[in-house]
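Numbering (the working numbering), first residue to last: 63 to 280. Okay, structure first, notes after.
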């Protein structure tokens, strides 16, 4: 969902005029019109605070609904929450989902490609752990002790990306018991001599909080 759509929706849902809405947001009517016609793409820090107060929502909630539509949030809740969290830390979401066409008939999908603001070479690929286990179950990973092999599959898949990037964030859901167990296993592993780093991230989507973050490369 774009910022324009988000702001117009909350105004119409509350049956506000542009004048009354602008007053409550502490912005000019002209500024609100620029938002609703799509000229202003994202809120300033102050406006974000005002939107949160007006809607009784967290900053992560507001940004997530600006960045993503309801279908995305429903299907990729963990990733959408994490990407909103990263946006608030100063990262731009350049494309989400990030689809990589390896051949005419073969495509791999990651959750996003993000770039640190004012650091054009600081590019990171974000993917939930399920992206790497499409052909096997989490139970198989937990029962099979070859954890380094499964992480190796993730590495080889990421190496197939042709774009230049600096790191890979693999997301695990803190609210999912099995994903939590998998994180505990993977965060003990180490890879050497890679041209990019890998962080395994244990994230709580409801609290919008990183519970654990371990770099598994040297």
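Virtual Cβ for every residue (Gly too), placed ideally from N, Cα, C. Keep in mind that this is a model prediction, so the values were computed, not measured.
Beta strand (DSSP E) segment containing residue i, residue limits
| i | result |
| --- | --- |
| residue 242 | Looking at the DSSP string, residue 242 is not in any beta strand (DSSP E); the run it does join, the alpha helix (DSSP H), is 239-248. |
Alpha-carbon spacing of residue i relative to residue j, whole angstroms
| i | j | result |
| --- | --- | --- |
| residue 256 | residue 106 | 38 Å |
| residue 108 | residue 121 | 11 Å |
| residue 104 | residue 279 | 35 Å |
| residue 226 | residue 140 | 25 Å |
| residue 68 | residue 252 | 43 Å |
| residue 85 | residue 169 | 48 Å |
| residue 248 | residue 201 | 14 Å |
| residue 65 | residue 211 | 42 Å |
| residue 51 | residue 183 | The shown model of the chain, from 63 to 280, leaves out residue 51, and the question about it has no answer. |
| residue 135 | residue 158 | 12 Å |
| residue 267 | residue 194 | 20 Å |
| residue 240 | residue 137 | 19 Å |
| residue 163 | residue 91 | 44 Å |
| residue 77 | residue 97 | 17 Å |
| residue 83 | residue 271 | 31 Å |
| residue 101 | residue 89 | 15 Å |
| residue 165 | residue 214 | 22 Å |
| residue 243 | residue 132 | 29 Å |
| residue 274 | residue 238 | 14 Å |
| residue 99 | residue 150 | 24 Å |
| residue 116 | residue 93 | 17 Å |
| residue 124 | residue 217 | 33 Å |
Beta bridge counterpart(s) of residue i as assigned by DSSP
| i | result |
| --- | --- |
| residue 160 | 172 |
| residue 185 | 177 |
| residue 264 | 234, 274 |
| residue 155 | 176 |
| residue 190 | 233 |
Residue i vs residue j beta-carbon contact at 7 Å
| i | j | result |
| --- | --- | --- |
| residue 232 | residue 191 | yes |
| residue 112 | residue 87 | yes |
| residue 262 | residue 276 | yes |
| residue 176 | residue 148 | yes |
| residue 234 | residue 245 | yes |
| residue 145 | residue 174 | yes |
| residue 126 | residue 114 | no |
| residue 236 | residue 264 | yes |
| residue 260 | residue 228 | no |
| residue 152 | residue 118 | no |
| residue 181 | residue 171 | no |
| residue 283 | residue 187 | In the structure as shown, the chain begins at 63 and stops at 280. Residue 283 is therefore absent and cannot be evaluated. |
Limits of the alpha helix (DSSP H) - the one that residue i falls within
| i | result |
| --- | --- |
| residue 110 | 107-117 |
| residue 127 | 121-129 |
| residue 149 | 139-150 |
| residue 71 | 65-75 |
| residue 256 | No alpha helix (DSSP H) contains residue 256, which DSSP labels as neither H nor E. |
| residue 89 | Run containing residue 89: none; DSSP gives neither H nor E here. |
Proximity test, residue i beta-carbon vs the ligand NAD heavy atom, cut-off 6 Å
| i | result |
| --- | --- |
| residue 177 | Within the structure as shown, the ligand NAD is missing, as the structure has no ligands at all. |
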